[in-house]
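Asker: Read in order, the letters of the sequence shown correspond to residues 0 to 101 in numbering that gives the first Met the number 0. Heads up, the beta-carbon is just placed ideally off N, CA and C, and yes, glycines get one too. Values in this document were obtained by computation on a predicted structure and should not be read as measured data.
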Amino acid sequence: MLCMWWNIQGPIHYELLKPNEKLNSERYCQQMDDLNKALKEKRPEMFNRKHIILHYDNTRPHALLATSQKIAELGLEILSHPPYLPDLAPSSYYQFLSLQIF
């Protein structure tokens with residue numbers, strides 16, 4: 000599984016999970032810390048902003064209390080995924096376009 004965080008300028012941080020590895024809340028919180036470090040290094044102009052908005056789907060690791068607490072600790076804001084949208088997140092359209100030039 001590919002876990003990826005990006006913006007209009009391209010990828011900020013990504014992590015490949017092993018074939019049978021599960022993404023749980025603890026792992027996701029570690030990824031949030033890694034993302035925070037990557038933002039500081041690669042996009043300092045974003046890191047110093049008042050709000051950074053994350054948009055992701057409604058999978059279980061994202062919805063757990065520990066994850067919500069980590070996101071609040073890092074000062075991130077969440078843009079919720081529409082609850083009944085079965086496909087990719089609406090922003091994924093742009094993600095795949097940016098991957099073509101990556």
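Since I11 contacts R42 with CB under 8 Å, what's their CB separation in whole angstroms?
Answerer: Working through the sequence shown from its first residue, we reach residue 11 at position 12. Working through the sequence shown from its first residue, we reach residue 42 at position 43. About 6 Å; that satisfies the 8 Å criterion.
Asker: How would you call L34, buried or exposed, if buried means at least 16 neighbouring beta carbons within 10 angstroms?
Answerer: Here the question's residue 34 lines up with position 35 in the sequence shown. The residue is buried, with at least 16 neighbouring Cβ atoms inside 10 Å.
Asker: By a C-beta neighbour count over all protein chains shown, 10 Å radius and 16 as the cutoff for buried, is K69 buried or exposed?
Answerer: Translated into positions along the sequence shown, residue 69 becomes position 70. By the 10 Å Cβ count, K69 comes out buried.
Asker: In angstroms with no decimal places, state the Cα-to-Cα distance between L38 and M45.
Answerer: Taking the sequence shown and counting its residues from 1, one reaches residue 38 at position 39. Taking the sequence shown and counting its residues from 1, one reaches residue 45 at position 46. So the alpha carbons of these two residues sit roughly 7 Å apart.
Asker: Taking the DSSP output, what are the residues bridged to E76?
Answerer: Position 77 of the sequence shown, counted from the start, is the residue given in the question as residue 76. DSSP lists I52 as partners of E76.
Asker: Can you grab the Cα-Cα spacing for the pair W5 / E20, in whole Å?
Answerer: Reading the sequence shown from its first residue, position 6 is the one you call residue 5. Reading the sequence shown from its first residue, position 21 is the one you call residue 20. Using only the alpha carbons, I get a separation of about 22 Å.
Asker: Under 8 Å by Cβ, that's how I've got I51 and L75 pegged, so tell me the actual separation to the nearest angstrom.
Answerer: In the sequence shown, the residue the question calls residue 51 occupies position 52. In the sequence shown, the residue the question calls residue 75 occupies position 76. About 5 Å; that satisfies the 8 Å criterion.
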